[in-house]
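*Asks:* Going down the list, the sequences are from chains W and P. Per our numbering: the first sequence = residues 120 to 267. Per our numbering: the second sequence = residues 120 to 267. Yeah, the Cβ is synthetic: ideal placement off N, Cα and C, and Gly gets one too. Values in this document were obtained by computation on a predicted structure and should not be read as measured data. Dumping the structure here so I can ask a few things about it.
Number of protein chains: 2
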Amino acid sequence: MNEMKSELEIFREFLKNKGMRYTPERETIIKEIFDTHDHFDVDSLYISMRQKDIRVSKASIYRLIPLLIEANLIEAVFFEGGQMYYEHIYGHEHHCHLRCINCGRIQEFADPRLRDIEQELADRFSYQIIRHKLEVTGLCPECRNRQD
Amino acid sequence: MNEMKSELEIFREFLKNKGMRYTPERETIIKEIFDTHDHFDVDSLYISMRQKDIRVSKASIYRLIPLLIEANLIEAVFFEGGQMYYEHIYGHEHHCHLRCINCGRIQEFADPRLRDIEQELADRFSYQIIRHKLEVTGLCPECRNRQD
DNA sequence: GTATCTGCAAACCCTTTGCAATAAG
DNA sequence: CTTATTGCAAAGGGTTTGCAGATAC
Chain W
120 MNEMKSELEI FREFLKNKGM RYTPERETII KEIFDTHDHF DVDSLYISMR QKDIRVSKAS
180 IYRLIPLLIE ANLIEAVFFE GGQMYYEHIY GHEHHCHLRC INCGRIQEFA DPRLRDIEQE
240 LADRFSYQII RHKLEVTGLC PECRNRQD
Chain P
120 MNEMKSELEI FREFLKNKGM RYTPERETII KEIFDTHDHF DVDSLYISMR QKDIRVSKAS
180 IYRLIPLLIE ANLIEAVFFE GGQMYYEHIY GHEHHCHLRC INCGRIQEFA DPRLRDIEQE
240 LADRFSYQII RHKLEVTGLC PECRNRQD
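Written out as structure tokens, the structure is:
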């Protein structure tokens with residue numbers, strides 16, 4: 120029991136509900152995103168697909184991203200150096216990011232207190248909370264020792 | 120006692136230490152930023168200055184922002200609709216943002232548990248923490264009732 | 001006096017979009 | 001068959017930059 124649908128199945132249903140089409144291009148992009156265990160930006164995703172001889176246009180990637188976000192399969196995690204970075208979230212526990220401001224290294228972490236904070240904000244300000252994003256920046260052990 | 124330096128004094132010293140110059144343009148931009156009690160983006164700051172007949176080029180604003188961030192006078196708070204929003208932080212308690220995804224309304228809040236979380240992350244991962252940014256998104260009371 | 005700063009306009013770069021050909025359902 | 005999607009290339013739009021004149025110090 121507790122069979123979990125794959126991201127492809129989820130997305131296929133999502134598209135069907137919107138009267139949209141499931142195409143090979145969309146499928147290969149999603150596969151590539153979910154095969155990557157890292158955060159990604161459009162350009163590096165595009166390059167990594169080209170290196171594997173998977174031909175899709177950047178426009179198709181750009182057009183797909185808002186759909187994947189709406190379907191709750193990916194999330195924008197941070198904006199850095201003029202571009203947005205995303206990560207796939209389907210099938211993963213929600214987590215936050217501790218990022219080294221010097222080398223870019225990212226440490227993921229989760230903290231149960233954030234749920235409490237969300238709940239209290241909902242009560243206090245009568246908001247319906249959708250999500251939270253906690254980004255902590257600092258210097259990782261290596262960069263700290265190099266005192267950059 | 121406990122005389123607090125003004126943002127202008129702080130910045131003047133910051134520039135001096137870097138062998139840079141304190142100009143009337145820089146001064147008027149900082150004044151405008153600190154007179155505004157809201158978050159701002161470059162374009163609206165520029166427009167609001169022009170309306171008061173203060174003439175500075177956008178380029179000067181863009182060139183000033185990284186300096187103000189380095190001097191810890193302002194901070195980038197979120198990226199939305201293709202542009203970055205900032206707020207002045209000097210002289211204010213650190214706080215986080217609860218943002219309505221529908222109308223853009225922002226509720227500020229602070230939570231002491233975030234300091235604890237920072238401290239624990241520092242211990243656990245040996246990072247030297249610089250700052251945190253918690254962004255909570257949801258629907259404000261009004262937008263929630265309109266069920267957008 | 002000298003090196004920094006300013007304004008302007010052009011360049012940049014990520015992202016979006018119009019269009020004609022293609023393909024999903 | 002009909003309507004959505006694709007790739008391409010051009011347009012958009014925020015941000016950066018080269019340059020010549022102005023100006024802090």
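(1) Which bits of chain W does P/Pro-185 rub up against, with CB to CB less than 9 Å?
(2) Determine whether the beta carbon atoms of P/Ile-180 and P/Leu-164 lie at a separation below 8 Å.
(3) How would you list, in chain order, the residues of chain W whose beta-carbon sits under 7 Å from the beta-carbon of P/Phe-244?
(4) Can you pull the chain P neighbours of W/Thr-256, defined as C-beta to C-beta under 7 Å?
(5) Just to confirm the assignment, what range does the alpha helix (DSSP H) spanning P/Cys-259 have?
(6) So which residues on chain W does P/Pro-260 lean against when the C-beta distance must stay under 8 Å?
(7) Name the chain P residues whose beta carbon is nearer than 7 Å to that of W/Ile-236?
(8) Applying the 10 Å Cβ sphere with the 16-neighbour rule, what's the burial state of W/Arg-145?
(9) Report yes if the C-beta distance between W/Phe-228 and W/Cys-215 is below 8 Å; otherwise report no.
(10) Give the straight-line distance between the Cα atoms of W/Asp-157 and W/Asp-230, rounded to the nearest whole angstrom.
(11) Quick one: is W/Met-168 buried, meaning 16 or more other Cβ sit within 10 Å of its Cβ, or exposed?
(12) Specify the secondary structure class of P/Arg-169 as computed by DSSP and reduced to three states.
(13) Report the neighbours of P/Arg-263 on chain W: residues whose CB is nearer than 8 Å to its CB, in chain order.
(14) So what does DSSP say about W/Tyr-181, is it helix, strand or coil?
(15) If we ignore side chains and look at the alpha-carbon of each, how far apart do W/Leu-192 and W/Glu-128 end up?
(16) Starting from the Cα of P/Leu-217, find the closest Cα among W/Arg-243, W/Ser-176, W/Pro-185 and give me that residue.
(17) Under a Cβ-count criterion, where at least 16 other Cβ atoms within 10 Å of its own Cβ denotes burial, should P/Ile-236 be classed as buried or exposed?
(18) Compute the Euclidean distance between the alpha carbons of P/Arg-234 and P/Asp-162, then round it to the nearest angstrom.
(19) Based on Cα-Cα distance, which residue from P/Ile-173, P/Glu-151, P/His-251, P/Arg-250 lies nearest to P/Ile-184?
(20) Grab me the residues of P/Arg-265's own chain with a C-beta within less than 7 Å of its C-beta, minus the 5 sequence neighbours each way, in chain order.
(21) Can you confirm whether P/Ile-277, when its beta carbon is compared against all beta carbons of chain W, has any partner nearer than 8 Å?
(22) Taking only three categories from DSSP, how would you classify W/Lys-150?
(23) In the stretch 178-212 of chain W, which residues sit with their C-beta less than 8 Å from some C-beta in chain P, listed in chain order?
(24) Compare the C-beta of W/Leu-134 against all C-beta atoms of chain P and say whether one is closer than 8 Å.
(25) So with CB distances below 7 Å, who are the chain W contacts of P/Leu-127?
*Replies:* In terms of the structure at hand:
(1) Position 66 of the second sequence, counted from the first residue, corresponds to residue 185 of chain P. Correct list: empty, because the minimum Cβ distance to chain W is about 13 Å.
(2) For the purposes of this step, residue 180 of chain P is taken as the residue at position 61 of the second sequence. For the purposes of this step, residue 164 of chain P is taken as the residue at position 45 of the second sequence. In contact: P/Ile-180 and P/Leu-164 (Cβ atoms closer than 8 Å).
(3) Stepping through the second sequence from its first residue, residue 244 of chain P is reached at position 125. Chain W residues near P/Phe-244: Leu-217, Gln-226.
(4) Taking the first sequence and counting its residues from 1, the one referred to as residue 256 of chain W is at position 137. Result: Ile-249, Arg-250.
(5) Along the second sequence, read from residue 1 onward, the residue named residue 259 of chain P stands at position 140. Careful: P/Cys-259 lies outside any alpha helix (DSSP H) and carries neither H nor E.
(6) By 1-based counting over the second sequence, the position of residue 260 of chain P is 141. The answer, in chain order, is Phe-244, Ser-245, Tyr-246.
(7) Here the question's residue 236 of chain W lines up with position 117 in the first sequence. Asp-230, Arg-232, listed in chain order.
(8) Taking the first residue of the first sequence as 1, we reach residue 145 of chain W at position 26. By the neighbour-count rule (16 or more Cβ atoms within 10 Å), W/Arg-145 is buried.
(9) In the first sequence, counting from the first residue as 1, residue 228 of chain W sits at position 109. In the first sequence, counting from the first residue as 1, residue 215 of chain W sits at position 96. Cβ atoms of W/Phe-228 and W/Cys-215: closer than 8 Å.
(10) By 1-based counting over the first sequence, the position of residue 157 of chain W is 38. By 1-based counting over the first sequence, the position of residue 230 of chain W is 111. Their backbone Cα atoms lie some 20 Å apart in a straight line.
(11) Reading the first sequence from its first residue, position 49 is the one you call residue 168 of chain W. With 16 or more Cβ atoms within 10 Å of its Cβ, W/Met-168 is classed as buried.
(12) As a position in the second sequence, residue 169 of chain P is number 50, starting the count at 1. It is helical.
(13) Taking the first residue of the second sequence as position 1, residue 263 of chain P is located at position 144. Within 8 Å Cβ-Cβ: Ser-245, Tyr-246, Gln-247.
(14) Taking the first sequence and counting its residues from 1, the one referred to as residue 181 of chain W is at position 62. It is helical.
(15) For the purposes of this step, residue 192 of chain W is identified with residue 73 of the first sequence, where counting begins at 1. For the purposes of this step, residue 128 of chain W is identified with residue 9 of the first sequence, where counting begins at 1. The alpha-carbon atoms of W/Leu-192 and W/Glu-128 are separated by roughly 11 Å.
(16) The count along the second sequence starts at 1 and reaches residue 217 of chain P at position 98. Nearest of W/Arg-243, W/Ser-176, W/Pro-185 to P/Leu-217, Cα basis: W/Arg-243.
(17) By one-based count along the second sequence, residue 236 of chain P stands at place 117. It is buried - the Cβ of P/Ile-236 has at least 16 other Cβ atoms within 10 Å.
(18) Translated into positions along the second sequence, residue 234 of chain P becomes position 115. Translated into positions along the second sequence, residue 162 of chain P becomes position 43. Cα-Cα distance, rounded: 33 Å.
(19) Position 65 of the second sequence holds residue 184 of chain P. When each option's Cα is compared against that of P/Ile-184, the closest is P/Glu-151.
(20) As a first step, residue 265 of chain P is located in the second sequence; it is residue number 146 there, counting from the start. Correct list: empty, nothing qualifies.
(21) Residue 277 of chain P is absent from the structure shown; chain P starts at 120 and stops at 267.
(22) Here the question's residue 150 of chain W lines up with position 31 in the first sequence. In this structure, W/Lys-150 counts as helix in the three-state DSSP scheme.
(23) Phe-198, Met-203
(24) On the first sequence, position 15 is the one that residue 134 of chain W refers to. So, not an interface residue.
(25) Reading the second sequence from its first residue, position 8 is the one you call residue 127 of chain P. Those do not exist, as P/Leu-127 stays about 27 Å from chain W at its closest Cβ, beyond 7 Å.
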